[in-house]
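Student: So that you can map any letter, position 252 of the sequence shown is 252 in UniProt numbering, and since no number is skipped, the others follow by simple counting.
The beta-carbon is built from N, C-alpha and C at its ideal position, and this holds for glycine as well.
Supplied in structure tokens, the structure appears directly below.
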Amino acid sequence: MSWYRKCAVRGCQDSVSVRHRFPNPTKFMYVFVQWVDCIVEDNYGNNRLRKDAVPSLNLPDQQISNATDEILGSSRTESGLLHKLHVTRETHLSPKAKKLYKIASHLSRANRRLRCTRRLIRSTREVLNEALHHLDSTVATFIKSQITLAGSKSQGRRYSLEDKLMGLILHKQSGRGYPALSKIFALPSKKTIMQLLNRIPINPGVNDVIFNNLAEVVSGLDESSKYCAVMFDEMSLDPHIHLNVATKEFEGFETNDDEQRSAVIADHALVFMVRGLVKNWKQPLAYTFCRSSTKIPSASEDPTRKYLFLNGVKIIHIYDPPHLIKGIRNNLLTENLVWESAEDKYVASWQNIETAYAIDNAAGSLRAMPKLTECHVNRNCIKKMKVSYATQVFSHTVASVMTLMARAGIVGIQGEKLSETAQGTAKVLKFFDDLMDSVNGYSLYPSNGKPLRSAVSRCTDHFEFWVEARQTLRKMYYQGFYTTFYALFSNNNQTAAEGTEEQLRPPSLVNWTVTINGIIDIFEMLEQGNVNHLKCRRLNQDPIENFFGQIRQQGLRDTNPTCSHFKNHFKTLLINNFSSRHSMSANCESENSKNYIVAVKKFITVDVVVPSSTDFCSFPSETPNFALQYIK
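Structure follows, in structure tokens:
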């Protein structure tokens, strides 16, 4: 029978009946007042019960005489240390035993205090766990870490791997906001984070750690979500040689992987990225450093091949439609585009676009083409890398306004008047507007007035339009003069004299047909996988272009990064992509942020120790001398 079930009456063996005690006024004040009211006023005052008092009224018939004396005689030795020594008084002990008894008593009291503290901590921890139970697991771990590290000096803090990963993600998301957060919360220092970042082995070439994580994530997707497009593009870099202290290697040379290195200083980065066709996800795969742009013969022995087969898988290649429409516009700036249709021969001239803009610009606030500016039309002000400036010129609005001006014979304030080829220019603009809409659809349903700007399916008009578009593109050519530069891209084996007038078909015009055929083949392949629609916008290179823009935004504004900077920025964006809600492992309905920490944690596989200044003697002297000789 437990001690708290014992009855205060001497000799009582009842352990079932309900026990009663006076309520605690600090916890149950209302009940305490009721008990006081039930007791006669004479029963409470200055009188107090003795500690050894026992009930004496309304007791069963039994002898309780001398109970008080027995309790008084054995209360101090009933369960104490003296009872174990068969001694009733401390004075009966020897001097040495008294000293040991005091030590034992002190330890016993300390033990009781520790047990009490442990119960208090346990109850506090239970309350904290109950409060954090409804929070996200990452948030709960962060709060527990802050409670543990509260009051500790910055030099005495010990962070777990999860704390460092949280700091790494916060630092990479906002490098300027991290110092402010460090003043509010207990976060790892920047040096600690950089040491952790060095443990992520992301080097030029194919990285097994990326593909292993990619394979693990893909294993959880359904079959239709695994369809993807692999895209690649190059980014210009600042030629620079940098000594990596952590790896004791020189960075800045042309590098394909850890084994294939050369002494050529790199000035471009070639990046490969994969993007989902059915499910909206993207993932950088690899990068290499190269000298100048990668030539087409270097990329493929036969660039005219329609298909590639890798391990029995059919791979279809297409060109980026935004780049193609920019090429059409750039060539139209200098040469007229001729369209020999079955109905008539149309000629498109950039001069007609300039004239239509001048007539419309005179209307002031009542313009019919308000989106057009000098940066769209003026040859000296055009930003040739902006896709929007090209698509806003090749639009339905510009084509319809130009047709109206030509038929009505509208003349500008200064006598501007469209030429006879204006209607042909309008037809060409309308054709490329429809062509761009057909390969840039994103929504399942078309918008008003744009039936081709939607996902491709058997129920839409895309296939019928593409059949006519391929025939139209074969009948288009630029009317210009033969140059040596054009001969580099011409498939015609016959050569002409320099300066003679020729029918030019540059790659931006020819590759439209290749792209249309590739999209049709991709859709037929998806149909075999029970996918009944294709969002063509997921085939363009917008993700990798945005990736390059994010590279340049790192470090406040790194518009011209070096190879070393690019390597660190690639790690940053790779971590941010795995810790983003748009990553492959993200669940649109419910996503636990713990998965972000786990995803980044998988990259940390190699321990890299930052060497001290005395470790530089291990560098071979031939390496820097060879590099300096090459630079000279």
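What's the C-alpha gap between residue 121 and residue 171?
Tutor: On the sequence shown, position 121 is the one that residue 121 refers to. On the sequence shown, position 171 is the one that residue 171 refers to. One C-alpha to the other measures close to 34 Å.
Student: Taking the alpha carbon of residue 381 as the point to measure from, which residue in 566, 373, 391 has its own alpha carbon closest?
Tutor: The residue given as residue 381 occupies position 381 in the sequence shown. It is 373.
Student: Hey, how far is the Cα of residue 187 from the Cα of residue 533?
Tutor: Residue 187 sits at position 187 when you count from the first residue of the sequence shown. Residue 533 sits at position 533 when you count from the first residue of the sequence shown. About 47 Å.
Student: Three or more C-beta pairs closer than 8 Å, one from the segment 265–284 and one from the segment 533–546: is that the case here?
Tutor: Yes, since at least three Cβ pairs between the segment 265–284 and the segment 533–546 fall closer than 8 Å, the two stretches touch.
Student: Report the start-end ranges of each beta strand (DSSP E) in the segment 343–388 that is 3 residues or longer and not cut off at the edges.
Tutor: Segments of the beta strand (DSSP E) lying fully in the segment 343–388: 345–348.
Student: Beta carbon of residue 231, beta carbon of residue 268: below 9 Å?
Tutor: Taking the first residue of the sequence shown as position 1, residue 231 is located at position 231. Taking the first residue of the sequence shown as position 1, residue 268 is located at position 268. Result no, Cβ atoms of residue 231 and residue 268 do not sit closer than 9 Å.
Student: Do you know offhand how far residue 557's Cα is from residue 152's?
Tutor: Counting from one through the sequence shown, the residue named residue 557 turns up at place 557. Counting from one through the sequence shown, the residue named residue 152 turns up at place 152. Using only the alpha carbons, I get a separation of about 36 Å.
Student: If you follow the alpha helix (DSSP H) that residue 694 is in, where does it begin and where does it stop?
Tutor: Since the first residue of the chain shown is 1 and the last is 632, residue 694 is not available in this structure.
Student: Assess, as a yes-or-no matter, whether the segment 545–554 is touched by the segment 442–453 under the definition of 3 or more beta carbon pairs within less than 8 Å.
Tutor: No, the segment 442–453 does not touch the segment 545–554.
Student: So, is residue 86 buried or exposed, given that buried needs 16 or more other C-beta atoms within 10 angstroms?
Tutor: By 1-based counting over the sequence shown, the position of residue 86 is 86. It counts as exposed.
Student: For residue 155, which of 334, 192, 468 has the nearest alpha-carbon?
Tutor: Translated into positions along the sequence shown, residue 155 becomes position 155. Out of 334, 192, 468, 192 has the C-alpha closest to the C-alpha of residue 155.
Student: Going by beta carbon distance, what residues of the same chain come within less than 7 Å of residue 504, once the five residues before and after it are set aside?
Tutor: Translated into positions along the sequence shown, residue 504 becomes position 504. For residue 504, where only same-chain residues beyond five positions count, the Cβ hits under 7 Å are 335, 477, 478, 480, 486.
Student: Roughly how many whole angstroms lie between the Cα atoms of residue 166 and residue 189?
Tutor: The count along the sequence shown starts at 1 and reaches residue 166 at position 166. The count along the sequence shown starts at 1 and reaches residue 189 at position 189. When rounded, the distance between both Cα atoms is 12 Å.
Student: Enumerate in chain order the residues of its own chain whose CB-to-CB distance from residue 462 is below 7 Å, with the five nearest sequence positions on each side excluded.
Tutor: By one-based count along the sequence shown, residue 462 stands at place 462. So the list reads 438, 452, 456, once near-sequence residues are dropped.
Student: Suppose the cutoff is 6 Å on Cβ atoms and the five residues either side in sequence are ignored; what does the same chain contact list for residue 159 look like?
Tutor: Position 159 of the sequence shown, counting from 1, holds the residue named residue 159. Cβ neighbours of residue 159 beyond the five flanking positions: 188.
Student: Take the Cβ of residue 254 as the centre, count every other Cβ of all protein chains shown within 10 Å, and call the residue buried at 16 or more, exposed below.
Tutor: Locating residue 254 in the sequence shown gives position 254, counting from the first residue. By the 10 Å Cβ count, residue 254 comes out buried.
Student: Are residue 653 and residue 228 touching if we call contact CB-CB under 9 Å?
Tutor: This structure leaves residue 653 out entirely; the chain is present only between 1 and 632.
Student: Would you mind reading off the limits of the alpha helix (DSSP H) that contains residue 544?
Tutor: Position 544 of the sequence shown holds residue 544. Residues 542–553.
Student: Using only alpha-carbon positions, find the residue among 161, 271, 396 that is nearest to residue 233.
Tutor: Taking the first residue of the sequence shown as position 1, residue 233 is located at position 233. The option with the nearest alpha carbon to residue 233 is 271.
Student: So which of 312, 130, 320 has the shortest CA-CA distance to residue 543?
Tutor: Reading the sequence shown from its first residue, position 543 is the one you call residue 543. Per the Cα distances, 320.
Student: Use the C-beta contact count for residue 565: other C-beta atoms within 10 angstroms, 16 or more gives buried, fewer gives exposed.
Tutor: For the purposes of this step, residue 565 is taken as the residue at position 565 of the sequence shown. That one is buried.
Student: Counting along the chain, where does the beta strand (DSSP E) carrying residue 249 start and finish?
Tutor: For the purposes of this step, residue 249 is taken as the residue at position 249 of the sequence shown. It spans 249–251 - the beta strand (DSSP E) in which residue 249 sits, taken as one unbroken run.
Student: Would you mind sorting residue 216 into buried or exposed? The rule is 16 or more other CB atoms within 10 Å of its CB.
Tutor: Stepping through the sequence shown from its first residue, residue 216 is reached at position 216. Exposed is the call here.
Student: Ignoring anything shorter than 4 residues, give me the alpha helix (DSSP H) runs that lie fully in the segment 203–266, in order along the chain.
Tutor: Runs found: 208–218.
Student: In three-state DSSP terms, what is residue 478?
Tutor: To locate residue 478, count along the sequence shown from 1; it is residue 478. Three-state DSSP puts residue 478 in a strand.
Student: Sorted by chain position, which residues of the same chain lie with C-beta nearer than 8 Å to residue 412's C-beta, five sequence neighbours on each side aside?
Tutor: Translated into positions along the sequence shown, residue 412 becomes position 412. Around residue 412: 355, 358, 359, 362.
Student: Whose C-alpha, out of 436, 449, 407, 448, is nearest the C-alpha of residue 466?
Tutor: Residue 466 sits at position 466 when you count from the first residue of the sequence shown. The option with the nearest alpha carbon to residue 466 is 436.
Student: Leaving out five residues on either side along the sequence, give the residues of the same chain with a beta carbon under 8 Å from the beta carbon of residue 147.
Tutor: Taking the sequence shown and counting its residues from 1, the one referred to as residue 147 is at position 147. The answer, listed in chain order, is 128.
Student: Would residue 181 be called buried (16 or more neighbouring beta carbons within 10 Å of its own) or exposed?
Tutor: Counting from 1 along the sequence shown, the entry for residue 181 is found at position 181. Burial call: exposed.
Student: Closest by CA to residue 561, which one among 421, 289, 473, 394?
Tutor: Looking up residue 561 in the sequence shown gives position 561. Among 421, 289, 473, 394, the Cα nearest to that of residue 561 belongs to 289.
Student: Is residue 430 closer than 9 Å to residue 644 when the C-beta atoms are compared?
Tutor: With the chain covering 1 to 632 only, the question about residue 644 has no answer from this structure.
Student: Identify every residue that forms a DSSP beta bridge with residue 114.
Tutor: Position 114 of the sequence shown, counting from 1, holds the residue named residue 114. Paired residues: none, contrary to the question.
Student: Locate the beta strand (DSSP E) running through residue 430, then write down its first and last residues.
Tutor: Position 430 of the sequence shown, counted from the start, is the residue given in the question as residue 430. Note, residue 430: premise wrong, no beta strand (DSSP E); alpha helix (DSSP H) at 422–438.
Student: Verify whether the separation of the beta carbon atoms of residue 403 and residue 371 is less than 9 Å.
Tutor: Along the sequence shown, read from residue 1 onward, the residue named residue 403 stands at position 403. Along the sequence shown, read from residue 1 onward, the residue named residue 371 stands at position 371. Not closer than 9 Å, so no.
Student: From the DSSP output, which residues share a beta bridge with residue 309?
Tutor: Counting from one through the sequence shown, the residue named residue 309 turns up at place 309. According to DSSP, which records beta bridges pairwise, residue 309 is partnered with 314.
Student: Taking its Cβ as the centre, do 16 or more other Cβ atoms sit within 10 Å of residue 211, making it buried, or is it exposed?
Tutor: Looking up residue 211 in the sequence shown gives position 211. Exposed.
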